[in-house]
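Under full-length UniProt numbering, the residue at position 442 of the sequence shown is numbered 442, and the numbers go up by one with no gaps. We treat Cβ as the ideally placed atom computed from N, Cα and C, and that holds for glycine. Predicted, not measured: the structure shown is a model, and the values here were computed from it. Notes for the one structure printed next.
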Amino acid sequence: MGIAVTDDHRELAEVARGFLTAQQARTASRALLDATEEGRPPFWGELASLGWLGLHIAEEYGGSGFGLPELVVVVEELGRAVAPGPFLPTVIASAVIAAAGTPDQQAQLLPGLIDGSVTAGVGLAGGVVLDGGVASGDAGIVLGAGLADVLLLAAGEDVLVLERDRAGVSVDVPGNLDPTRRSGRVTLTGVGISADDTLAGGRESALARARVLLAAEAVGGAADCTDSAVEYAKVREQFGRTIATFQAIKHHCANMLVAAESATAAVWDAARADGEDEYAFRLSAAVAATLAFPAYVRNAELNIQVHGGIGYTWEHDAHLQLRRALTVQALFGGDAPALAVFESAAAGITRANSLDLPPEAEELRTRIHADALEIAALGAEEQLDRLIATGYVMPHWPKPWGRAADAVEQLVIEQEFSAAGVQRPDYSITGWVILTLIQQGTDWQIERFVEKALRQEEIWCQLFSEPAAGSDAAAVKTKATRVDGGWKINGQKVWTSGAHLCRRGLATVRTDPDVPKHAGITMVIVDMEAPGVEVRPLRQITGGSEFNEVFFNDVFVPDEDVVGEVNEGWKVARATLGNERVSIGGGGSFTAGVDQHLIALAQQGRQQVADAAVRIGRFVADEHALRLLNLRRVARSIAGAGPGPEGNVTKLKLAEHMGDGAAIGAALLGPDVALDDGPGAMAGRMVMGARGIAIAGGTSEVTRNQIAERILGMPRDPLIK
Numbered sequence: 001m002g003i004a005v006t007d008d009h010r011e012l013a014e015v016a017r018g019f020l021t022a023q024q025a026r027t028a029s030r031a032l033l034d035a036t037e038e039g040r041p042p043f044w045g046e047l048a049s050l051g052w053l054g055l056h057i058a059e060e061y062g063g064s065g066f067g068l069p070e071l072v073v074v075v076e077e078l079g080r081a082v083a084p085g086p087f088l089p090t091v092i093a094s095a096v097i098a099a100a101g102t103p104d105q106q107a108q109l110l111p112g113l114i115d116g117s118v119t120a121g122v123g124l125a126g127g128v129v130l131d132g133g134v135a136s137g138d139a140g141i142v143l144g145a146g147l148a149d150v151l152l153l154a155a156g157e158d159v160l161v162l163e164r165d166r167a168g169v170s171v172d173v174p175g176n177l178d179p180t181r182r183s184g185r186v187t188l189t190g191v192g193i194s195a196d197d198t199l200a201g202g203r204e205s206a207l208a209r210a211r212v213l214l215a216a217e218a219v220g221g222a223a224d225c226t227d228s229a230v231e232y233a234k235v236r237e238q239f240g241r242t243i244a245t246f247q248a249i250k251h252h253c254a255n256m257l258v259a260a261e262s263a264t265a266a267v268w269d270a271a272r273a274d275g276e277d278e279y280a281f282r283l284s285a286a287v288a289a290t291l292a293f294p295a296y297v298r299n300a301e302l303n304i305q306v307h308g309g310i311g312y313t314w315e316h317d318a319h320l321q322l323r324r325a326l327t328v329q330a331l332f333g334g335d336a337p338a339l340a341v342f343e344s345a346a347a348g349i350t351r352a353n354s355l356d357l358p359p360e361a362e363e364l365r366t367r368i369h370a371d372a373l374e375i376a377a378l379g380a381e382e383q384l385d386r387l388i389a390t391g392y393v394m395p396h397w398p399k400p401w402g403r404a405a406d407a408v409e410q411l412v413i414e415q416e417f418s419a420a421g422v423q424r425p426d427y428s429i430t431g432w433v434i435l436t437l438i439q440q441g442t443d444w445q446i447e448r449f450v451e452k453a454l455r456q457e458e459i460w461c462q463l464f465s466e467p468a469a470g471s472d473a474a475a476v477k478t479k480a481t482r483v484d485g486g487w488k489i490n491g492q493k494v495w496t497s498g499a500h501l502c503r504r505g506l507a508t509v510r511t512d513p514d515v516p517k518h519a520g521i522t523m524v525i526v527d528m529e530a531p532g533v534e535v536r537p538l539r540q541i542t543g544g545s546e547f548n549e550v551f552f553n554d555v556f557v558p559d560e561d562v563v564g565e566v567n568e569g570w571k572v573a574r575a576t577l578g579n580e581r582v583s584i585g586g587g588g589s590f591t592a593g594v595d596q597h598l599i600a601l602a603q604q605g606r607q608q609v610a611d612a613a614v615r616i617g618r619f620v621a622d623e624h625a626l627r628l629l630n631l632r633r634v635a636r637s638i639a640g641a642g643p644g645p646e647g648n649v650t651k652l653k654l655a656e657h658m659g660d661g662a663a664i665g666a667a668l669l670g671p672d673v674a675l676d677d678g679p680g681a682m683a684g685r686m687v688m689g690a691r692g693i694a695i696a697g698g699t700s701e702v703t704r705n706q707i708a709e710r711i712l713g714m715p716r717d718p719l720i721k
């Protein structure tokens with residue numbers, strides 16, 4: 001979907017994409033593959049005239065006065081186009097100088113970088129030593145050295161800004177893996193350094209800004225690879241059908257989307273963090289790099305894999321992205337970003353959720369603040385009464401049960417009620433079901449059931465899955481036979497969470513076996529205490545019994561408990577499943593606090609795991625991504641940008657994330673996991689319990705199919721009935 005969320009940012013992205021397409025940026029990159037010399041792109045002058053080189057720089061230096069949130073939108077489009085030239089190292093340099101330079105340095109250096117007359121190279125991993133005003137040593141591989149007029153080079157904790165042609169500076173540009181933006185080896189030999197050449201203590205600041213901007217390019221490239229793979233799969237035919245119908249191809253493409261969207265969320269937030277707390281910004285930058293660089297490499301590889309032989313040819317563009325991805329990963333990736341995430345998290349550095357709310361939020365806040373304080377002063381029972389009466393109990397529900405609150409009002413309610421210490425009930429499955437009744441049920445059903453559910457006097461379950469109807473929820477065999485005044489139900493449901501605790505359930509039953517499976521389903525309300533209902537808890541591999549088998553033996557359901565029209569139950573079921581998916585995808589992570597637990601285990605050194613810090617750093621980065629995917633959903637709602645892919649992406653990502661956390665914990669505890677006591681017992685249960693998360697609410701494999709078909713537009717397998 002891209003980094004841009006707001007109207008202004010989306011328009012900027014469209015303009016950038018249109019410009020790069022019109023200028024044939026990718027064609028310009030291809031021309032450099034066999035070229036012996038690299039020159040500035042033919043469109044460099046026009047690009048500079050658009051002001052994009054100074055989007056993030058103050059107007060007093062010739063910039064536009066915006067910031068990284070605007071710059072990353074343009075950089076992402078350059079990444080999509082795998083555009084050639086020195087744009088990225090040049091804007092990294094100007095961002096670093098703007099953040100770490102003195103006013104005199106900024107006035108001297110920024111104007112040329114902004115107007116495009118001066119280009120930069122960036123090297124932050126070398127071994128330059130600064131001693132007594134003289135710099136010497138190997139500066140390492142410098143990104144963009146081929147065209148650079150000035151070089152930003154790390155020297156200990158400082159950053160040096162040197163002209164390419166200064167005495168003692170040697171630049172060697174051999175053949176490059178990515179000839180479209182050539183890097184080189186830079187060596188300093190007795191180079192005289194003044195205070196004007198030094199960004200004192202600027203290395204970490206420089207590294208953070210480089211990570212954010214390189215990650216922005218990476219998410220553009222990763223998204224382009226996803227789009228390219230999907231479009232090719234839709235037209236390439238094998239075995240009598242397009243390869244886009246093959247589940248293996250769908251899963252590749254779905255994984256590509258998940259990786260790209262996770263990294264996109266991280267880059268979006270890291271850019272927003274610039275100018276706030278510097279340490280939180282550096283954490284966010286490391287998170288973005290941890291996610292974006294591997295996503296770019298893997299997506300570039302999978303794009304070639306989906307294309308097959310044609311993707312492995314020199315003439316195809318796919319290797320342009322792979323070359324760029326591998327170069328960025330080699331220069332700024334590896335384990336270092338994840339290790340930086342670990343170190344920041346271990347030091348207690350955090351990045352809080354935040355969104356800029358529109359002016360109407362403050363107009364709402366005064367009243368909501370007063371309501372929250374009033375409710376907070378009540379006793380627990382009176383609080384619930386008042387929450388229900390005012391609709392604050394479920395603000396997004398329609399009136400009178402909720403407040404029909406839009407995204408902005410919901411956020412203000414959440415903030416004010418949290419600050420006042422008012423806890424609203426978590427209805428979980430009951431909430432999904434009751435919202436469906438409000439949307440689809442009769443007035444009589446609403447009157448009988450909604451208030452009791454809100455007061456938690458009745459808990460509901462969802463009776464959809466059957467032995468032959470798991471992920472294929474429409475393959476219902478539980479039979480409903482018409483009798484006087486209602487229906488007689490016979491059959492079996494399974495995997496029903498919490499059925500042993502529930503008073504009522506919403507069930508799919510087969511009322512017409514002679515029509516297509518989706519057309520013969522009816523939705524009914526089942527009294528879980530009615531004669532003929534038998535609930536049998538199922539013991540899980542963890543030893544617990546959270547889900548159940550439910551048997552119906554001549555269970556009577558009156559006509560008044562049919563929800564919606566007879567044989568139209570699949571529409572009702574889809575509404576309920578939709579409510580479930582939004583809730584699962586949009587809520588807080590089940591793994592909250594696991595990151596700090598893993599960090600503590602690693603610091604205790606209970607079990608030596610060679611790459612523990614890096615693995616935990618990646619886990620923490622994914623934890624951030626889960627939170628940020630949800631935050632972007634909210635931001636879209638506020639901006640009126642329409643739905644994005646984050647819900648399904650989060651559902652899939654959460655399942656794998658829990659498995660990763662459990663596996664790291666087990667590795668750190670080592671042999672203790674073999675015993676069912678002490679800290680190892682919980683780790684063992686978490687490892688086994690992670691399998692359930694990858695199945696519940698729709699298996700990860702089916703979720704990948706849904707992402708491929710519903711988000712990427714890939715066709716269903718024609719063999720599916």
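{"Check": "Contact under 8 angstroms by Cβ, Arg-282 with Glu-204", "Outcome": "yes"}
{"Check": "Counted within 10 angstroms of its Cβ, other Cβ atoms place Gly-587 as buried (16 or more) or exposed", "Outcome": "Here Gly-587 scores only 42 on pLDDT, less than 50, and its place in the model is too uncertain to base an answer on."}
{"Check": "Assumed close pair Ala-260, Ala-223 - CB separation to whole angstroms, cut-off 8 angstroms", "Outcome": "5 angstroms"}
{"Check": "Distance between Gly-127 and Glu-14 (C-alpha atoms, nearest Å)", "Outcome": "41 angstroms"}
{"Check": "Given 8 angstroms, three or more beta-carbon pairs between the stretch 263-279 and the stretch 189-202", "Outcome": "no"}
{"Check": "Reduced DSSP secondary structure (H/G/I, E/B, other) of Ala-663", "Outcome": "helix"}
{"Check": "Start-to-end residues for the beta strand (DSSP E) that takes in Met-682", "Outcome": "Taken as a continuous stretch (DSSP letters only), Met-682 belongs to no beta strand (DSSP E), being part of the alpha helix (DSSP H) at 678-693."}
{"Check": "Residue(s) in a DSSP beta bridge with Glu-466", "Outcome": "Ala-469"}
{"Check": "Val-483, buried or exposed, once every other Cβ within 10 Å from all chains shown has been counted against 16", "Outcome": "exposed"}
{"Check": "Contained beta strand (DSSP E) runs [length at least 3] in the stretch 486-510, N- to C-terminal order", "Outcome": "486-497, 504-510"}
{"Check": "Enclosing alpha helix (DSSP H) for Met-256 [first to last residue]", "Outcome": "247-273"}
{"Check": "Selection from Ala-16, Leu-668, Gly-689 that minimises the alpha carbon distance to Gly-680", "Outcome": "Leu-668"}
{"Check": "Spatial distance of His-251 from Thr-242 (CA atoms)", "Outcome": "15 angstroms"}
{"Check": "Reduced DSSP category for Asp-622 - H, G, I as helix; E, B as strand; rest coil", "Outcome": "helix"}
{"Check": "Cα-Cα separation between Ser-29 and Ala-4, rounded to whole angstroms", "Outcome": "25 angstroms"}
{"Check": "Touching by the beta-carbon criterion (3+ pairs, under 8 angstroms), the stretch 345-357 and the stretch 616-631", "Outcome": "yes"}
{"Check": "Alpha carbon of Met-714 to alpha carbon of Ala-233, nearest angstrom", "Outcome": "8 angstroms"}
{"Check": "Own chain partners of Leu-113 with C-beta closer than 7 angstroms, once the 5 adjacent residues on each side are dropped", "Outcome": "Leu-53, Thr-90, Ala-93, Ser-94, Ala-120"}
{"Check": "6 angstroms CB neighbourhood of Val-563 in its chain, flanking five on each side removed", "Outcome": "Gln-440, Gly-441, Met-523, Val-572"}
{"Check": "Spatial distance of Pro-531 from Gly-698 (CA atoms)", "Outcome": "31 angstroms"}
{"Check": "Pairwise C-alpha distance: Pro-294 and Gln-329", "Outcome": "7 angstroms"}
{"Check": "Contact set for Ala-216: own chain, Cβ-Cβ below 6 angstroms, skip 5 residues either direction", "Outcome": "Val-72, Val-75, Glu-76, Val-267"}
{"Check": "Contacting residues, own chain, Cβ-Cβ under 6 angstroms from Gly-63 (five flanking each side not counted)", "Outcome": "Gly-54, Ile-57, Ile-114"}
{"Check": "Inter-residue Cα distance where the pair is Ala-148 and Glu-362", "Outcome": "48 angstroms"}
{"Check": "CA nearest to the CA of Gln-108, picked from Arg-636, Glu-60, Ala-345", "Outcome": "Glu-60"}
{"Check": "For Ile-599 and Ala-708, the rounded distance between their alpha carbons", "Outcome": "35 angstroms"}
{"Check": "Whole-angstrom C-beta distance between Ala-696 and Ala-683, which should lie under 8 angstroms", "Outcome": "With 8 angstroms as the limit, Ala-683 and Ala-696 do not qualify as a contact, their Cβ atoms being about 20 angstroms apart."}
{"Check": "Limits of the alpha helix (DSSP H) - the one that Asn-553 falls within", "Outcome": "Taken as a continuous stretch (DSSP letters only), Asn-553 belongs to no alpha helix (DSSP H), being part of the beta strand (DSSP E) at 547-558."}
{"Check": "Segment limits, alpha helix (DSSP H) that includes Ala-154", "Outcome": "Run containing Ala-154: none in the alpha helix (DSSP H); it sits in the beta strand (DSSP E), 150-155."}
{"Check": "Where the beta strand (DSSP E) containing Glu-534 begins and where it ends", "Outcome": "533-538"}
{"Check": "Contact check, Trp-460 vs Leu-506, beta carbons under 8 angstroms", "Outcome": "yes"}
{"Check": "Cross-strand partners of Gly-184 (DSSP beta bridge)", "Outcome": "Val-142"}
{"Check": "Through-space distance from Asp-677 to Arg-691, alpha-carbon basis", "Outcome": "21 angstroms"}
{"Check": "Span of the alpha helix (DSSP H) around Ala-286", "Outcome": "278-307"}
{"Check": "For Lys-479, the residue or residues it bridges with in DSSP", "Outcome": "Asn-490, Arg-510"}
{"Check": "Residue interval of the alpha helix (DSSP H) (run including Thr-522)", "Outcome": "It is not in any alpha helix (DSSP H) - Thr-522 instead sits in the beta strand (DSSP E) that spans 521-527."}
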